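Chemist:
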Amino acid sequence: MKITKITSHILQYDLPHELGYSQQFYHKRTAHLVEVETDEGVTGWGESFGPGNIAIANKTIIEKVIQPMILGEDPLNRDKIWHKIYNLLRDHGQKGMPMQALSGVDIALWDIFGKIANMPLYQLIGGKHRADVPVYGYGMMLRQENIDSLCARFRDEAAQIKQMGFCATKMKVGFGPDDDLRLATAVREGVGDDFDFMVDANHCYNTSDALYVGRGLEELKAYWFEEPIAPEDLDGYRELRQGLKVNISGGEAEFSRWGWRTLLEKRCLDIAQPEVCALGGISEYLRVLALCHAHHTPVVNHVWGSAVAVAVNLHLLVAMPALPGGIYQRAPMLEFDTTDNKFRDELLQDSLNIWQQLKTHKGHVTPPERAGLGVTPDRDFIEAYRLDI
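In this note's numbering, the protein residues as written are 26 to 414.
Structure, rendered in structure tokens:
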């Protein structure tokens with residue numbers, strides 16, 4: 026079997042209203058699918074992290090840089106292919122977009138492997154440690170509104186997410202320490218005292234402000250404080266972890282086992298959040314997971330993107346060993362974006378039925394049981410939303 030073609034599909038549509046996080050406001054939803062074809066008719070699907078113009082840059086890397094490197098290779102030689110690509114790109118990008126591009130290709134190769142073996146991904150990587158996974162719903166995105174209006178919306182939206190059946194919720198911040206604590210207070214009021222909520226800063230604070238906000242989140246009993254400061258500031262992360270009781274989480278902007286090694290050795294995180302569609306794909310994710318557990322750091326995957334990304338993470342989460350082990354372990358949760366996302370809800374020939382599973386399984390969901398990732402994108406849907414470049 027040989028790889029014959031790699032295609033990068035960038036999908037995009039206009040959102041019904043703007044969404045925002047601490048770094049920007051945006052009006053378009055993007056997904057970046059990667060398709061790997063073989064001479065025996067077996068096709069694999071993957072996904073690369075990165076919206077908008079980032080996806081356009083990654084498309085060029087996938088089709089013009091990576092594809093010529095591996096045409097004619099046996100797709101089952103995943104580890105050989107991974108290291109060939111990484112070694113040839115090492116001088117040009119050990120982090121960022123080259124790794125995001127490699128991730129999509131690697132995930133597609135695992136999909137091919139599963140289809141050849143006629144086994145779902147979770148079996149290929151060791152089998153189920155749990156039958157299903159709890160799901161937390163994130164929402165409460167920023168908009169360009171006054172703080173009183175935002176507080177009211179955050180309170181109502183948080184309550185709605187709880188009523189939908191999610192096991193926890195996550196909000197965005199980014200308007201400044203005092204206003205952000207007002208927003209967090211509104212979310213706590215919306216969900217009540219007996220429901221976990223998390224706060225995602227997307228690295229908008231300096232260490233001093235993060236300490237201030239973190240102390241306020243302690244009083245609100247937030248479960249974790251995500252990416253409070255710049256991902257490069259490892260000493261700052263360690264300072265926050267030592268100075269705050271709220272869990273410090275992060276890692277979505279870290280890449281490969283080498284980047285994660287330093288992050289973990291410095292004891293920067295209470296909870297690790299690797300992004301499989303960015304850090305190097307499933308092959309590298311499994312190495313990073315082993316590193317996290319070797320450093321006694323629990324993992325709750327970062328998830329952003331289409332139904333392909335959701336399916337990959339469902340497999341990874343059911344196959345993740347409990348840490349440290351015990352009868353009443355807190356299970357790793359699936360991150361699920363509750364905002365408008367056609368690429369998650371309408372992309373597949375057979376839906377993952379996340380929304381329905383939430384209702385029938387009391388906030389838990391199961392991975393697909395079909396071979397590989399267990400999902401097949403609808404080509405008519407892809408054509409309808411393809412971004413012409």
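Just so it is clear, CB atoms sit at the ideal spot from N, CA and C, and this is done for glycine as well.
Predicted model only: the values in this text are computed from it and were never measured.
#1: Would you report the Cα separation of Leu314 and Val324, rounded to the nearest angstrom?
#2: What does the alpha-carbon distance come out to for the pair Glu88 and Tyr410?
#3: From which residue to which residue does the beta strand (DSSP E) around Thr32 run?
#4: At what residues does the beta strand (DSSP E) containing Trp70 begin and finish?
#5: Please name the residue or residues paired with Ile81 in a DSSP beta bridge.
#6: Relative to the alpha-carbon of Leu167, which residue among Asn227, Arg292, Ala142 and Ser281 has its alpha-carbon at the smallest distance?
#7: Return the bridge partner residues of Gly397 from the DSSP annotation.
#8: Measure from the alpha carbon of Met417 to the alpha carbon of each residue in Leu208, Leu373 and Gly190, then state which is nearest.
#9: For Asp2 and Ile172, I'd like the C-alpha separation in whole angstroms.
#10: For Lys153 and Ala396, which I take to be in contact (beta-carbon distance under 8 angstroms), what is that distance rounded to the nearest angstrom?
#11: Going by beta-carbon coordinates alone, are Cys192 and Tyr163 separated by less than 8 angstroms?
#12: Which same chain residues end up closer than 7 angstroms to Lys384 when comparing Cβ atoms and leaving out the 5 residues on each side of it in sequence?
#13: Considering only DSSP beta bridges, list what Ile379 is partnered with.
#14: Leaving out five residues on either side along the sequence, give the residues of the same chain with a beta carbon under 7 angstroms from the beta carbon of Arg155.
#15: With the cut-off set at 8 angstroms, would you say Val158 and Lys187 are in Cβ contact?
#16: Between Lys387 and the rest of its own chain, which residues show a CB-CB distance below 8 angstroms, the 5 nearest in sequence each way excluded?
#17: Quick one: grab the DSSP three-state call for Phe179.
#18: For Lys109, name the three-state secondary structure that DSSP assigns.
#19: What did DSSP end up calling Glu60 once you bin it into helix, strand or coil?
#20: What separation, rounded to the nearest whole angstrom, lies between the Cα atoms of Gly431 and Arg240?
#21: Could you check what DSSP says for Ser331 in three-state terms: helix, strand or coil?
#22: Please report how far the alpha carbon of Glu60 lies from the alpha carbon of Arg312, in whole angstroms.
#23: Which residues mark the beginning and the end of the beta strand (DSSP E) in which Met196 is found?
#24: Nearest to Val335 by CA position, among Trp285, Met144, Pro393 and Val238, is which residue?
#25: How should Ala319 be labelled, buried or exposed, when 16 other C-beta atoms within 10 angstroms of its C-beta is the threshold for buried?
#26: Which residues in the same chain as Pro299 place their Cβ atom closer than 8 angstroms to its Cβ, once the five residues preceding and following it in sequence are excluded?
#27: Using 8 angstroms as the threshold, is the region 220-236 in touch with the region 249-256, meaning 3 or more CB pairs across them?
#28: Flag this pair as yes or no: are the beta carbons of Leu96 and Thr32 separated by less than 8 angstroms?
#29: Distance check for Ile150 and Val238, CA to CA, integer angstroms please.
#30: Once the 5 residues before and after Asn143 are set aside, which same chain residues still bring their CB inside 8 angstroms of it?
#31: What's the gap between the Cα of Pro41 and the Cα of Phe220?
#32: Among Glu43, Ser331, Asp225 and Gln49, which has the Cα closest to the Cα of Trp70?
#33: Count the other CB atoms within 10 Å of the CB of Pro349; is the residue buried (16 or more) or exposed (fewer)?
#34: Smallest Cα separation from Ala184: which of Leu265, Tyr353 and Glu214?
#35: Could you give the first and the last residue of the continuous beta strand (DSSP E) run that contains Tyr161?
#36: Once you ignore the five residues that flank Lys367 on each side, which residues in its own chain have a CB closer than 8 angstroms to its CB?
Modeler: This is what the structure holds:
#1: The residue given as residue 314 occupies position 289 in the sequence shown. The residue given as residue 324 occupies position 299 in the sequence shown. Using only the alpha carbons, I get a separation of about 7 angstroms.
#2: Counting from 1 along the sequence shown, the entry for residue 88 is found at position 63. Counting from 1 along the sequence shown, the entry for residue 410 is found at position 385. Going by the C-alpha atoms only, they are around 19 angstroms apart.
#3: Indexing the sequence shown from 1 puts residue 32 at position 7. Segment Ile28 to Tyr46, the beta strand (DSSP E) holding Thr32.
#4: Taking the sequence shown and counting its residues from 1, the one referred to as residue 70 is at position 45. Segment Thr68 to Glu72, the beta strand (DSSP E) holding Trp70.
#5: Numbered from its first residue, the sequence shown carries residue 81 at position 56. The partner list for Ile81 (beta bridge, DSSP) is empty, contrary to what the question assumes.
#6: Your numbering for residue 167 matches position 142 in the sequence shown. Closest option to Leu167, Cα to Cα, is Asn227.
#7: The residue you call residue 397 lines up with position 372 of the sequence shown. Beta-bridge pairing links Gly397 to Pro145.
#8: This structure gives no information on residue 417, because the portion of the chain shown stretches from 26 to 414.
#9: Nothing about residue 2 can be reported from this structure: the residues present for the chain run from 26 to 414 only.
#10: The residue labelled residue 153 in the question sits at position 128 within the sequence shown. The residue labelled residue 396 in the question sits at position 371 within the sequence shown. With 8 angstroms as the limit, Lys153 and Ala396 do not qualify as a contact, their Cβ atoms being about 16 angstroms apart.
#11: The residue given as residue 192 occupies position 167 in the sequence shown. The residue given as residue 163 occupies position 138 in the sequence shown. In this structure, Tyr163 does not lie closer than 8 angstroms to Cys192 by Cβ.
#12: The residue given as residue 384 occupies position 359 in the sequence shown. Within the same chain, Lys384 has close Cβ partners Gly190.
#13: Here residue 379 is taken as the residue at index 354 of the sequence shown, counted from 1. According to DSSP, which records beta bridges pairwise, Ile379 is partnered with nothing at all.
#14: Counted from its first residue, the sequence shown places residue 155 at position 130. Excluding residues within five positions, the ones whose Cβ falls inside 7 angstroms are Val343 and Ala356.
#15: Position 133 of the sequence shown, counted from the start, is the residue given in the question as residue 158. Position 162 of the sequence shown, counted from the start, is the residue given in the question as residue 187. Taking 8 angstroms as the Cβ cut-off, Val158 and Lys187 do not qualify as a contacting pair.
#16: The residue given as residue 387 occupies position 362 in the sequence shown. These residues qualify, in order along the chain: Gly190.
#17: Here residue 179 corresponds to residue number 154 of the sequence shown, with the count starting at 1. Three-state result, Phe179: helix.
#18: Taking the first residue of the sequence shown as 1, we reach residue 109 at position 84. Three-state DSSP puts Lys109 in a helix.
#19: Mapped onto the sequence shown, residue 60 falls at position 35. Looking at Glu60 - three-state DSSP - the assignment turns out to be strand.
#20: Lying before the first or after the last residue shown, residue 431 is absent from the chain, which here runs from 26 to 414.
#21: For the purposes of this step, residue 331 is taken as the residue at position 306 of the sequence shown. DSSP places Ser331 in coil when its eight states are reduced to three.
#22: Translated into the one-based positions of the sequence shown, residue 60 becomes position 35. Translated into the one-based positions of the sequence shown, residue 312 becomes position 287. Using only the alpha carbons, I get a separation of about 24 angstroms.
#23: Position 171 of the sequence shown, counting from 1, holds the residue named residue 196. Looking at the DSSP string, the run of the beta strand (DSSP E) that includes Met196 is Ala193 to Lys197.
#24: Position 310 of the sequence shown, counted from the first residue, corresponds to residue 335. Per the Cα distances, Pro393.
#25: Residue 319 sits at position 294 when you count from the first residue of the sequence shown. Ala319 comes out exposed.
#26: Here residue 299 refers to the residue found at position 274 when the sequence shown is read from its first residue. Within the same chain, Pro299 has close Cβ partners Gly276, Glu277, Glu279, Trp285, Tyr310, Val313, Leu314, Cys317, Val324, Asn326 and His327.
#27: The region 220-236, when compared against the region 249-256, does touch it at the 8 angstroms Cβ threshold.
#28: Within the sequence shown, residue 96 is the residue found at index 71, counting from 1. Within the sequence shown, residue 32 is the residue found at index 7, counting from 1. No, they are not a contact pair.
#29: One-based indexing of the sequence shown puts residue 238 at position 213. One-based indexing of the sequence shown puts residue 150 at position 125. Roughly 39 angstroms between the two C-alpha positions.
#30: What you label residue 143 is simply residue 118 of the sequence shown in a count that begins at 1. These residues qualify, in order along the chain: Ala396.
#31: Taking the sequence shown and counting its residues from 1, the one referred to as residue 41 is at position 16. Taking the sequence shown and counting its residues from 1, the one referred to as residue 220 is at position 195. Between Pro41 and Phe220, the C-alpha separation is close to 29 angstroms.
#32: As a position in the sequence shown, residue 70 is number 45, starting the count at 1. The candidate whose alpha carbon is nearest that of Trp70 is Ser331.
#33: Counted from its first residue, the sequence shown places residue 349 at position 324. Exposed is the call here.
#34: As a working mapping, residue 184 is identified with position 159 in the sequence shown. The residue with the shortest Cα to Cα distance from Ala184 is Glu214.
#35: Indexing the sequence shown from 1 puts residue 161 at position 136. From DSSP, the beta strand (DSSP E) with Tyr161 extends over Val158 to Tyr163.
#36: Counting from one through the sequence shown, the residue named residue 367 turns up at place 342. If you ignore the 5 residues before and after Lys367, its C-beta comes within less than 8 angstroms of the C-beta of Tyr38, Arg54 and Tyr410, all in its own chain and listed in chain order.
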